[in-house]
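Student:
Number of protein chains: 2
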Amino acid sequence: MPHFVYEVNHFGLDNDSLLLGETIFHNANGYLGVRANFEEGYPEGYKTVRGTYINGFYDFSEMKQAEKLYGLVEEKQTMLNVADTQGIRLFLGDEEFSMFGGELLDYSRTLDMAKGTTTRRVRWRSPQGKEAEITIRRMASFTRLSIFTIEYRVTLLNCSAKLRFVSSHRGDVMNYHDPDDPRVAAESFQHLLVRKVEAERGSSFITSQTAKSGLFVCSGVRHNLAGTITTGEAFAVSEVTLDAEEGMPVRLVKYTALADSIRHTDYRQVCAAELERAAAVPIEQLYAEQEAYLTGCWEKCSLDIHGDDDLNSALTYNIYQLIQSVTKDAYGNIAAKGLSGEGYEGHYFWDTEMYIQPFFVLTMPEFCKNLLSMRYKTLDMARENAAIMGCKRGALFPWRTIMGRECSGHYPSGTAQVHINGDIAYAVIAYYLATGDFEFIASMGAELIFEICRHWIDIGNYYKGKFHINGVTGPDEYTCIVNNNYFTNALAKYNLYWAVKIYDLLKQHGRLEPLERKPGISAAEVAEFARASEAMYLPYDEELGINPQDDSFLQKRAWDFAGTPKEHHPLLLHYHPLHLYRHQVCKQADTVMAHFILEDYQSRETIRRSFEYYEKITTHDSSLSRCIFSIVASRLGYKEKACEYFGDSAKLDLFNTHNNTKDGIHTANMGGNYMAIVYGFAGLRLKESGLYLAPVLPDQWTGYEFTLSYRGSAMKVAVDSRACRITLAHGAAQELYLYGEKHTLASEMVVPLQG
Amino acid sequence: MPHFVYEVNHFGLDNDSLLLGETIFHNANGYLGVRANFEEGYPEGYKTVRGTYINGFYDFSEMKQAEKLYGLVEEKQTMLNVADTQGIRLFLGDEEFSMFGGELLDYSRTLDMAKGTTTRRVRWRSPQGKEAEITIRRMASFTRLSIFTIEYRVTLLNCSAKLRFVSSHRGDVMNYHDPDDPRVAAESFQHLLVRKVEAERGSSFITSQTAKSGLFVCSGVRHNLAGTITTGEAFAVSEVTLDAEEGMPVRLVKYTALADSIRHTDYRQVCAAELERAAAVPIEQLYAEQEAYLTGCWEKCSLDIHGDDDLNSALTYNIYQLIQSVTKDAYGNIAAKGLSGEGYEGHYFWDTEMYIQPFFVLTMPEFCKNLLSMRYKTLDMARENAAIMGCKRGALFPWRTIMGRECSGHYPSGTAQVHINGDIAYAVIAYYLATGDFEFIASMGAELIFEICRHWIDIGNYYKGKFHINGVTGPDEYTCIVNNNYFTNALAKYNLYWAVKIYDLLKQHGRLEPLERKPGISAAEVAEFARASEAMYLPYDEELGINPQDDSFLQKRAWDFAGTPKEHHPLLLHYHPLHLYRHQVCKQADTVMAHFILEDYQSRETIRRSFEYYEKITTHDSSLSRCIFSIVASRLGYKEKACEYFGDSAKLDLFNTHNNTKDGIHTANMGGNYMAIVYGFAGLRLKESGLYLAPVLPDQWTGYEFTLSYRGSAMKVAVDSRACRITLAHGAAQELYLYGEKHTLASEMVVPLQG
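Going down the list, the sequences are from chains A and B.
Numbering that gives the first Met the number 0 applies: residue 0 is where the first sequence begins, and numbers increase by one.
Numbering that gives the first Met the number 0 applies: residue 0 is where the second sequence begins, and numbers increase by one.
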């Protein structure tokens, strides 16, 4: 059984722990996210990242380039903190409740991942001796995406008193900034301008507009108890006063609704209607809906490790965060930090396609469709971006973005990572392989892939009969602007191959015509794709029998690992980019990653030798690296190594092992951990020829099981020390390859464990 | 005879012409430079770059990087506008003189390059009908480097009147800025803070301090006529009133002295003393000194073209600007725009070593010694820079700088141009070859070269027996961060070869010991230099028989020149760097330049084939390119092509052909034009084996002549359609190679023209 409840007694009250807790216990539903700030705040002098975010809601900021050069990005997007509706101050008589005054008799924080709520429980004695039990439960509703709730329950234990709640709703919020930390924004300004504050039939509404992008957001707040509302220029405050008797619980429920102008022209009305609709039913009904929703999710995606409780908790936590983070519509995506914080300014990266979709595609592929649709919606901006980059045709998706325009400040490790295009096309294909959703291909996927393939043709060229792609950066950011990056070329080859395939499919199904009209696709162009795919140059070194990361990688200096002091890691914080570029040193899996996603392009021996070559020179300074090494180690039969690489990676956020979880969760790492188990230990692959599994069991575990969705059928895979049992939970029978052998799964099959 | 007088009647009074005139007629002496602003200013609404600069006087400015990465430069230096002592307003009775009011009866601007002065002559009729002849002569004294003078002469032609001069001295000056032009600074702030304004015995002194670098500058002003001085917080104004009679000239002489804390701890006293010393003698004596100084210069460096008057004027102008621009001490250098404007923020580039020193080394090699000494003075900062770049030993000079620290904002086309190191070492060697100044080598040159060679060893590595240098950018800024740039590797090979040579020389002369103690040089290290030089990898393509610009240059896409509209040139203003990097397209001579400076490294055939290959793909978007192509064309016997490349390049500034001379002169281009004649048409080379000449005569000319200094002897080379005549003007007999044959020049030799 997964561990659905994560509870910590006496979670730290030092500033670092509080910041960490804000992330760990944040509530999100894929549309909105609220950091787990204390309603009443912290004492003066404490840092806090007090934020509420909407997926895809942004403003533009100036990004100055030290030297102006044509096409360099000078404007970025920033995910905005949209309002602060968390504030609730509680007065017991004339004493204000605070975790930092009086006496904390008991205190715990809980995340319940089956119920989808977080709870802070406090037993508190005031300086004057009043004792109270305070329970604060928060929820971002999965069934009503606009809604965030706080249920604030107070029971006086040794007295009766007048209770007063001062519940605030503020529009004058800013993003967090810290000039000393390169990972969060260095500066901020008032991105959000309050346009209107209204109090209306017990609710307050604040409508704000972004300074540069011209977007609107409306936040609405109401309570279950009647009170008086005061409004100011940028805030509204509700005061609720009541007499509480000893032992009789008192309960304030605060509903927040958010609506934005990206999704709704009538965002003000939507906000009001959703707020009213939520407040009209007992909070218990919202909780029940939430639990039902999550039960449905967990059925589709649970992953259970037997024999390592901490790991099991961590993995459940990771999956829950992916569910919290993923957009539920095509207006958002999955930010590098989800909706849990402002790290990387809320930007979307390749993380989505290569580290998170591999999870969703096997569990809740409908979310993949949203994610890919979001890319499709921004295709015109990707076309513009390609034009800025000098291309005459095709589209180039941005390396980092919110609304679709490139936000990379340092193009050698940003815009130059054109593999983002390959990643998106790869994800389209993976989605198609997992679901067989031809309709999506016909309506969006084909156009995405054709435009991406046009870009490959546009930037590449033939040299001595081979198709070369020059001047790009692969996933390894310690080696920038190179020629024929193996990962990029292999993906391009795959994309181009599939473009031809899809063209043929569309033709067969008589669906080519609309595409022929829209961006125009001709048989001649498709022939060009086929030729380039066939002729794609994939660097191979005869002497070492490996795929070099790029054309000149092997001739570079070796990195002096022995002479690098421990405190000089991660290298990017201690060495100039040019120094890194001059060396054979990798930040993360690059060729090794290509060997995972496109394993049929090379012999097992080449993959083995390459793995052994790159593992010596990879620092794993990126949290996206070890999981990939683990997967390839699994594939190569290096079970112990696979376990080593998997290591503590899954515990990164829950146990804050990188010490920066305060900035937000690491969503790609979370997906990567899932991958290391399902694609790694269980050896799952989605190929044109079908679904492949080849499970092994790490020695430290007694077993593991997971569910997966494949072409409309649901399967359960359970591995123990002797056998792998696969059960068809529902849906049609499916063919699959187990340890390379083809089977038909009609109801259940049990195969002895190999390897 | 060179054309020493450049005079323009009715030089335009539109804003563009005025800005151009500010550059064209600026006065400089290598220490200070004053733009040719009208003393009385322009009417409101006109732009003006009103500036006075000191070579090497700077402040720091913040340079924000769009993304923070280790070691990226975040602070640059800016050459400062130090004071405004140009202001003189003239009143004739109650009417103020202005070029833009009343009636201009006559008007001319003159630069006299033999006398070293500029003159504005005006015959003016006031609105009330007063006629006056006004002659304003300005000079930056070569014999008193602190001194700038304005002689303001007024003769009333048809009346007598009270004349009033209001002569200002302002400290509250700022640098010019224009947010719309990437070539000048986008922003500025009050870099210079006035600390003291004093009026003392007829002089005014303003002492200012830079905001960040903490430097001081003192400007002093006095006049030949007694007046009343008023001082304000940041200025002093002298008023002189006198009665002028019809036909009787009246003359105000305004002396400015500048002194700075970089050169003098007692800068205030130095300023006062120099001011007094200048004002103590009649201005005519200063003029006479100036003319004598220049006579001496012209004797050493004149270059005379017969048969093309415009060209002859332009070349004389160019040489004069080099004399004006070159520092006269080791505290400055030669900025990209000399002391004539603020373009490129007054930074020093490789232009000095590779485009300007080739002129001085043959004419006034003592200036080269200053320039190289300035590099030597900043060697410690170059060591720090190398350390920032990850090197364990050696020094890396900055790509652009004033005081010695790197100012490159975009490292791919800045800091990555480590050939700057090779250029400096090359210039040390050239200086030694031209002068035989072993003392300089022993005291500074050797250490420079050893530290530079250590850097080559530190960044390079052996691969398959060859020494590689990876991750660098050559001169061609359209191809960045490459491996084994031919130009860089060839220079490194040459540097390393000379390091060994110099070590041996020092040893022979018993001068090794101090160096052995200072940065430490061992026989083992020198053996390492020798080995790397020997094993240096110089890319060569067997199929094409050319030197590829770098390892992967030839495999890149061809640039679609036919499909590039004319208005898309220069390419850097219309294409993203990555797009340029992906193509075989060169901004400027790179391999071709290597084939000029190190012609013995390749066969004539390789050089020829390379020239023909690169000329098809070079856009000459840099003003440093055509002159090099012209030189190599000359060497290959392509006389017509050499003339074509030489073309109008020499007229760039005097005729403002690039339309940006307002920002300042192009000093490197000026040196390059000299080179195209002396190293190009006359085929001059400085080699270890001696001095080489191989003159040809362009068909358009009837002849040309120039003087040169070689190992203490002065020679005159005169070429006409039949013969080359070389005369020993003074000094010992010298050996030289003429058309490859060795001769001894004892007094004169005449050889028939070849080729």
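C-beta: ideal position from N, C-alpha, C; glycine also.
#1: Give a yes or no on whether the minimum CB-CB distance between B:Met62 and chain A is below 7 Å.
#2: Quick check on this structure: which residue in B:Ser145, B:Asn8, B:Thr22 and B:Ala334 has the alpha carbon closest to the alpha carbon of B:Leu103?
#3: How about A:Cys217 and A:Arg143: do their beta carbons lie closer than 7 Å?
#4: Nearest-angstrom Cα distance between B:Gly342 and B:Thr660?
#5: At a Cβ threshold of 7 Å, is A:Pro576 touching chain B?
#6: Got a sec? Which residues, its chain only, sit under 8 Å from B:Val525 by beta carbon, not counting five neighbours each side?
#7: Taking A:Asp328 as the reference, give the member of A:Glu94, A:Phe396, A:Thr362 and A:Ser372 with the closest Cα.
#8: By Cβ distance below 8 Å, which residues in the same chain neighbour A:Gly231 in space, the five residues on each side in sequence not counted?
#9: Between which two residues does the beta strand (DSSP E) containing B:Ile419 stretch?
#10: Can you check DSSP and say which residues form a bridge with A:Leu89?
#11: Closest Cβ-Cβ distance between B:Asn460 and chain A: below 7 Å?
#12: Distance check for A:Asn26 and A:Tyr175, CA to CA, integer angstroms please.
#13: Out of A:Val471, A:Ser621, A:Asp620 and A:Asp559, state which residue places its alpha-carbon closest to the alpha-carbon of B:Lys555.
#14: Look up B:Tyr461 in the DSSP assignment and give the residues it is bridged to.
#15: Mind checking if A:Gly389 is an interface residue toward chain B, Cβ cutoff 7 Å exclusive?
#16: Looking at the C-beta of A:Lys555, does it have a partner C-beta in chain B at a distance below 7 Å?
#17: Please confirm whether A:Asn469 has its beta-carbon closer than 7 Å to some beta-carbon of chain B.
#18: Does A:Asn482 get closer than 7 Å to chain B when you measure Cβ to Cβ?
#19: Would A:Glu450 be called buried (16 or more neighbouring beta carbons within 10 Å of its own) or exposed?
#20: DSSP state of A:Asp662, grouped into three classes?
#21: Near A:Leu243, what residues of its chain come up, given a Cβ to Cβ distance below 7 Å and the 5 sequence neighbours on each side ignored?
#22: Note down, in chain order, all residues in the segment 566–600 of chain B with a beta-carbon under 9 Å from any beta-carbon belonging to chain A.
#23: Would you call the segment 57–75 of chain A in contact with the segment 565–582 of chain B, where contact means no fewer than 3 C-beta pairs closer than 8 Å?
#24: Can you list the residues of chain B that A:Tyr69 reaches, using a CB-CB cut of under 7 Å?
#25: Give me the subset of the segment 113–139 of chain B whose CB atoms are less than 7 Å from a CB atom of chain A, sorted by chain position.
#26: Look up A:Ile133 in the DSSP assignment and say whether it is helix, strand or coil.
#27: Who are the Cβ neighbours of B:Ile545 in its own chain at under 6 Å, not counting the five residues just before and after it?
#28: Of all the options B:Arg581, B:Thr563 and B:His582, which has the alpha carbon lying nearest to the alpha carbon of B:His573?
#29: Enumerate in chain order the residues of its own chain whose CB-to-CB distance from A:Asn420 is below 7 Å, with the five nearest sequence positions on each side excluded.
#30: Pull up the distance between the alpha-carbon of A:Leu623 and that of B:Ala649, whole angstroms please.
#31: Rounded to the nearest angstrom, what separates B:Ser97 and B:Phe366 at their Cα positions?
#32: Can you find a C-beta in chain B that's less than 7 Å from the C-beta of A:His409?
#33: If you draw a straight line from the alpha carbon of B:Leu17 to that of B:Ile149, how long is it in whole angstroms?
#34: When the cut-off is 7 Å and only beta carbons count, does A:Ser551 lie next to chain B?
#35: Measure the C-alpha to C-alpha separation of A:Val220 and A:Arg88 and round it to an integer number of angstroms.
#36: In terms of residues, what are the limits of the alpha helix (DSSP H) holding B:Ala757?
Tutor: Put simply:
#1: Yes, contact with chain A.
#2: When each option's Cα is compared against that of B:Leu103, the closest is B:Asn8.
#3: No; because the gap between Cβ atoms is not below 7 Å, this pair is not in contact.
#4: Answer to the nearest angstrom: the Cα atoms are 9 Å apart.
#5: Residue contact check for A:Pro576 against chain B: a CB pair falls below 7 Å.
#6: Closer than 8 Å at Cβ, skipping near neighbours: Ala498, Val499 and Tyr502.
#7: For the options A:Glu94, A:Phe396, A:Thr362 and A:Ser372, the alpha carbon positioned closest to that of A:Asp328 is the one of A:Ser372.
#8: The residues are Val196.
#9: First-last for B:Ile419: His418 to Thr434, but that is the alpha helix (DSSP H), not the beta strand (DSSP E).
#10: Looking at the DSSP assignment, A:Leu89 forms a beta bridge with A:Phe164.
#11: For B:Asn460, at least one C-beta of chain A is nearer than 7 Å to its own C-beta.
#12: Approximately 18 Å between the Cα atoms of the pair.
#13: Check the Cα spacing between B:Lys555 and each of A:Val471, A:Ser621, A:Asp620 and A:Asp559: the tightest is with A:Val471.
#14: Note: B:Tyr461 sits in a beta bridge opposite B:Phe466.
#15: Closer than 7 Å: yes.
#16: At least one CB of chain B lies nearer than 7 Å to the CB of A:Lys555.
#17: At least one chain B Cβ lies under 7 Å of A:Asn469.
#18: Using a CB distance cut-off of 7 Å, A:Asn482 counts as an interface residue toward chain B.
#19: Buried, because 16 or more other Cβ atoms sit within 10 Å of the Cβ of A:Glu450.
#20: In the structure shown, A:Asp662 sits in a helix (DSSP, three-state: H, G or I).
#21: Inspection of the sequence shows that residue 243 of chain A is occupied by Ala rather than by Leu. Hits under 7 Å: Val153, Leu155, Ser159, Ala160, Leu162 and Val249.
#22: Residues are counted here when their Cβ sits less than 9 Å from a Cβ of chain A; for the segment 566–600 of chain B these are Leu570, Leu571, Leu572, His573, Tyr574, His575, Pro576, Leu577, His578, Leu579, Tyr580, Arg581 and His582, given in chain order.
#23: They touch, by the three-pair rule.
#24: Contact note: A:Tyr69 reaches chain B through Leu571, Leu572, His573, Tyr574 and His575, using a C-beta cutoff of 7 Å and chain order.
#25: Correct list: empty, as no residue qualifies.
#26: Strand at A:Ile133.
#27: Within its own chain, the residues whose Cβ lies closer than 6 Å to the Cβ of B:Ile545, once the five positions on either side in sequence are excluded, are Arg608, Ser609 and Tyr612, listed in chain order.
#28: Answer by Cα proximity: B:Thr563.
#29: In the same chain as A:Asn420, and ignoring 5 residues on each side of it, the C-beta atoms closer than 7 Å to its own belong to Leu395, Phe396, Ile451 and His454, in chain order.
#30: In a straight line, the C-alpha of A:Leu623 is about 56 Å away from that of B:Ala649.
#31: Inter-residue distance for B:Ser97 and B:Phe366 is about 41 Å (C-alpha atoms, whole angstroms).
#32: Yes, A:His409 lies at the interface with chain B (some Cβ there is under 7 Å from its Cβ).
#33: If you take the alpha carbons of B:Leu17 and B:Ile149, they lie about 19 Å apart.
#34: Yes, contact with chain B.
#35: Pairing A:Val220 with A:Arg88, the inter-Cα distance amounts to about 15 Å.
#36: Since the first residue of chain B shown is 0 and the last is 754, residue 757 of chain B is not available in this structure.
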